[in-house]
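Everything in the sequence shown is counted per the numbering used here, starting at 1 for the first residue and increasing by one.
Presented below is the structure to which this report refers.
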Amino acid sequence: MYAQMIQSEATTEDAEQLAAFQARIDAGERIEPKDWMPEGYRKTLIRQIGQHAHSEIVGQLPEGNWITRAPTLERKAILLAKVQDEAGHGLYLYCAAETLGISRDDLTEQLLSGRMKYSSIFNYPTLTWADVGAVGWLVDGAAIMNQVPLQRTSYGPYSRAMIRICKEESFHQRQGFDIMMKMAQGTEAQKRMAQDALNRFWYPSLMMFGPSDAESIHSTQNMAWRIKINSNDELRQKFVDQTVPQAEFLGLTIPDPNLRLNPETGHYDFSEPDWGEFFDVLRGNGPCNADRMEARQTAWSEGQWVRDGLMAHAAKKRARRVAAE
Ligand code: 3HC
């Protein structure tokens, strides 16, 4: 339906303008906020960047859950810095979305009313300290796999935000791997905890890349516009190929009996995640969907006095400036 909507809007736009726009994309030029763009391109970017921003913000919750229980002061400081980085990523991305003519308040309202999504992965709980390691290693690892190509995305503000975000994500991935290494080299109980975290986070991490290419609604148009550089399945395969040797290095077992290196393709064959579970999580039925939304709704309503104070301060400053002129 969304694709149809984009198409019908596109037919009303001048064919020459559309062709010139596509030629700029094909030539690898960046599109900037004041440039002409098709309405479908603008809406799709708002959807993708908005969802991405919300994911960064909601993504603070599962790890934030462990800040008070980090096993050492050093681990606590690292985790605090990581969670703060995620807030920063959300803010860069909201700023990038705002250049497309939507306000941050509108984006937030769409998240809180359930009209805008955030990544499925953040609807899974972090039950043990090893889960914090698995989130850094697998979830940030999957995020980087998706986001490195997005540094070359066609929309300038999004591409520039991604360059900065990717630098920090790569530190996040390493801190996660470091936690997993400590656990995997630790006591038998710690090793079991690390394996259990991998068992629970493996398939949800594969789902982060989105449905299979055959089921993806937006990929074809988004790849033509270079909003998306690779297909969902391409990135999922790259992630598996990169992660299997890391799991072997840790001495952990990926919970997939069908996993094997295919000598003909040079890639790992692997089992698909349970797509029924994925779509169910998207419909709001994951283990933590209700908790995540409640946490965001509470944060928004409890932050009202801060927003009111800031607006009042800005209004006062404006009034003073006008009076002085
Ligand atoms: N979680 C929730 N929804 C998902 C999803 C996921 N993992 N994967 C796909 N979907 C949704 C899509 O949004 C779309 O629904 P919509 O039409 O209602 O918006 C539907 O499923 C069909 O999927 P498509 O493949 O057609 O959608 P896209 O072409 O948009 O591809 C995507 C999905 C690959 C996630 C793409 O949007 C993308 O690359 N987004 C930017 C990256 C991003 O959002 N990352 C968030 C996770 S990581 C993170 O932010 C935190 C980090 O610190 C760990």
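The C-beta atom is built at its ideal place from N, Cα and C for all residues, glycine as well.
- [ ] Return the CA-CA distance between Leu61 and Asn289, expressed in angstroms with no decimal places.
- [x] Answer to the nearest angstrom: the Cα atoms are 11 Å apart.
Task: Beta-carbon proximity list for Asp131, same chain, < 6 Å, skipping 5 on both sides - done: Answer for Asp131: Ala197, listed in chain order.
Task: Residue interval of the alpha helix (DSSP H) (run including Ile25) - done: Taken as a continuous stretch (DSSP letters only), the alpha helix (DSSP H) holding Ile25 covers Ala15 to Asp26.
TODO: Could you tell me which of Thr243, Pro33 and Ala323 sits nearest to Gln173, measuring between CA atoms?
DONE: Answer by Cα proximity: Thr243.
Task: Opening and closing residue of the alpha helix (DSSP H) in which Asp105 lies - done: Looking at the DSSP string, the run of the alpha helix (DSSP H) that includes Asp105 is Arg104 to Leu112.
Task: Span of the alpha helix (DSSP H) around Ile144 - done: Asp140 to Leu150 is the span of the alpha helix (DSSP H), which, as asked, contains Ile144.
Open item on the list: What does the Cβ neighbour count give for Leu127, buried or exposed, with the cut at 16 atoms within 10 Å?
Closed with: So Leu127 ends up on the exposed side.
Task: Beta-carbon spacing of Trp129, Ile179 below 9 Å - done: Cβ distance < 9 Å, so Trp129 and Ile179 count as in contact.
Open item on the list: Buried or exposed, going by whether 16 or more other CB atoms sit within 10 Å of the CB of Val58?
Closed with: Taking every protein chain shown into account, the CB of Val58 has 16 or more other CB atoms within 10 angstroms, so this residue is buried.
TODO: Rounded to whole angstroms, what's the CA-CA distance from Val139 to Asn123? Just pull it up for me.
DONE: In this model, Val139 and Asn123 are separated by some 12 Å (Cα to Cα).
Open item on the list: Quick check: what's the CA-CA separation for Leu100 versus Arg47?
Closed with: Leu100 and Arg47: Cα-Cα distance of roughly 11 Å.
Open item on the list: the ligand 3HC and Gly133: does any heavy atom of the ligand fall closer than 8 Å to the residue's C-beta?
Closed with: Flag unset: Cβ of Gly133 not near the ligand 3HC.
Open item on the list: Please determine whether the Cβ atom of Val139 lies at a distance below 8 Å from any heavy atom of the ligand 3HC.
Closed with: Yes - the ligand 3HC has a heavy atom lying nearer than 8 Å to the Cβ of Val139.
Open item on the list: Between which two residues does the alpha helix (DSSP H) holding Ser301 run?
Closed with: Residues Asn289 to Glu302.
TODO: Answer yes if the region 87-104 comes into contact with the region 155-164, meaning at least three C-beta pairs across the two stretches below 8 Å, and no otherwise.
DONE: Counting Cβ pairs under 8 Å, three or more are found: they touch.
Task: Anticipated Cβ contact below 8 Å, Ala87 with Leu79, distance rounded - done: Here Ala87 is actually not in contact with Leu79; their C-beta atoms are around 13 Å apart, not less than 8 Å.
Open item on the list: Assuming contact is defined by CB atoms lying nearer than 9 Å, are Val281 and Ser154 in contact in what I supplied?
Closed with: Going by C-beta atoms, Val281 is not nearer than 9 Å to Ser154.
Open item on the list: Which same chain residues end up closer than 6 Å to Lys117 when comparing Cβ atoms and leaving out the 5 residues on each side of it in sequence?
Closed with: Contacts found: Gln51.
- [ ] For Val83, collect the residues of the same chain with a Cβ closer than 8 Å to its Cβ; drop the 5 residues on either side in sequence, then sort them by chain order.
- [x] If we look at Val83 and ignore the five residues flanking it on each side, its Cβ neighbours are Gln60, Glu63, Gly64 and Ile67.
Task: C-beta neighbour in chain C for Lys117, strict 9 Å - done: Among the chains in the structure shown there is no chain C, since it carries only a single protein chain.
TODO: Report whether the distance from the Cβ of Asn232 to the nearest heavy atom of the ligand 3HC is below 8 Å.
DONE: In this structure, Asn232 has its CB closer than 8 Å to one or more heavy atoms of the ligand 3HC.
Open item on the list: Closer than 8 Å to a non-hydrogen atom of the ligand 3HC - does that hold for the CB of Met293?
Closed with: Between the ligand 3HC and Met293, a heavy atom-to-CB distance of less than 8 Å is absent.
- [ ] Work out the CA separation of Met311 and Thr220 for me, nearest whole Å.
- [x] Spanning the two alpha carbons is a distance of roughly 42 Å.
TODO: Could you give the DSSP three-state label for Ile49: helix, strand or coil?
DONE: Helix, per DSSP.
Open item on the list: Assuming contact is defined by CB atoms lying nearer than 9 Å, are His218 and Thr72 in contact in what I supplied?
Closed with: Against a cut-off of 9 Å, the Cβ pair of Thr72 and His218 comes out as no contact.
TODO: Can you tell me which of the three DSSP states Lys191 falls into?
DONE: Helix, per DSSP.
Open item on the list: I'd like the list of long-range same chain contacts for Ala3, defined as Cβ closer than 7 Å, with 5 residues on each side in sequence excluded.
Closed with: Because Ala3 sits at a pLDDT of 48, beneath the cut-off of 50, its placement in the model cannot be relied upon, and the point is left open.
Task: Exposure of Ser55, with buried meaning 16 or more beta-carbon neighbours within 10 Å - done: Buried: at least 16 other Cβ atoms inside 10 Å.
Task: Residue from Glu215, Val240 and Tyr203 with nearest C-alpha to Asp269 - done: Nearest C-alpha to Asp269: Val240.
Open item on the list: Is it buried or exposed, Phe209, if we count other Cβ atoms within 10 angstroms and call 16 or more buried?
Closed with: Counting the other Cβ atoms within 10 Å of the Cβ of Phe209 gives 16 or more, which makes it buried.
Open item on the list: When you measure from the CB of Gln48 to every non-hydrogen atom of the ligand 3HC, does any distance come out below 8 Å?
Closed with: Taking non-hydrogen atoms of the ligand 3HC into account, the C-beta of Gln48 is found less than 8 Å away from one of them.
Open item on the list: Please tell me whether Asn363 and Pro211 are closer than 9 Å, where the distance is taken between their beta carbons.
Closed with: Since the displayed the chain opens at 1 and closes at 325, residue 363 lies outside it and no answer follows.
Open item on the list: Looking at Met183: is its Cβ nearer than 9 Å to the Cβ of Gly133?
Closed with: Yes.
Task: Nearest neighbour of Ser170, chosen from Arg318, Leu111, Lys76 and Ala143 [CA to CA] - done: Considering only alpha carbons, the answer is Ala143.
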